[in-house]
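The numbering of the sequence shown is full-length UniProt numbering, which starts it at 1 and goes up by one.
We put the beta carbon where it would ideally sit given N, CA and C, even for glycine.
Predicted, not measured: the structure shown is a model, and the values here were computed from it.
Below: one structure, written as structure tokens.
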Amino acid sequence: MSDTPRMNDGDDLEPRLLLHYIHQTAAQDPGRVCVSLPILNNPEDGFRDITLLQFEQAIDYAARWMERHVGRGRSYQTLAYIGPQDSWYLILILAALKTGWKLFAPSPRNSFEAYVKLLHSYECKVFFYSKEHNIGP
């Protein structure tokens, strides 16, 4: 028997939300690797595996942080985040959905004026950014 994973023929697939899938799969197979992140900027330095359980825990941590700082969203209001382009974007997207928000992730290359226009058009009143991304004029 081959160690190569078998492609799913789709017979056991059912529609479900991504957050539900992550939770269910993390409970059934907590050691399953969902992403491998480079340890440093050079891929030759190796990768660190992140399991679905660790991924779910990161989503829960971010969701609790959001609730403490901005509360639960109502009707999927928009909050924005700009930061390093890494795995935190996906974690924050899912944490936002879990807490009743939708995440808008504008390009870090936008001008200040572009941010103002975009945030206004999305009726976004909450904006998170990393310390590496100064967006002021």
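Quickly, what does DSSP pair residue i with across the bridge? List them, please.
i           : result
Ala80       : Phe104, Phe127
residue 151 : Because the chain is modelled from 1 through 137, residue 151 falls outside the range shown and cannot be assessed.
At which residues does the alpha helix (DSSP H) containing residue i begin and terminate?
i      : result
Ser121 : 112-121
Helix, strand or coil for residue i per DSSP?
i     : result
Leu94 : helix
Pro30 : coil
Thr25 : helix
Asp86 : coil
Glu56 : helix
Ser2  : With a pLDDT of only 48 at Ser2, under the threshold of 50, the placement of this residue in the model should not be trusted; the figure read from the coordinates follows. Correct three-state label for Ser2: coil.
Met7  : Because Met7 carries a pLDDT of 47, less than 50, the predicted location of this residue cannot be relied on, and the following value inherits that uncertainty. Residue state, collapsed to three classes: coil.
Glu67 : helix
Leu17 : coil
Starting from the Cα of residue i, find the closest Cα among the options and give me that residue.
i           : options                     : result
residue 144 : Tyr115, Gln85, Asp86, Ala62 : It is not possible to answer for residue 144, since the shown part of the chain is limited to 1 through 137.
Next on the checklist: Does the contact criterion of 3 or more C-beta pairs under 8 Å hold for the segment 78-85 versus the segment 41-55?
Outcome noted: no
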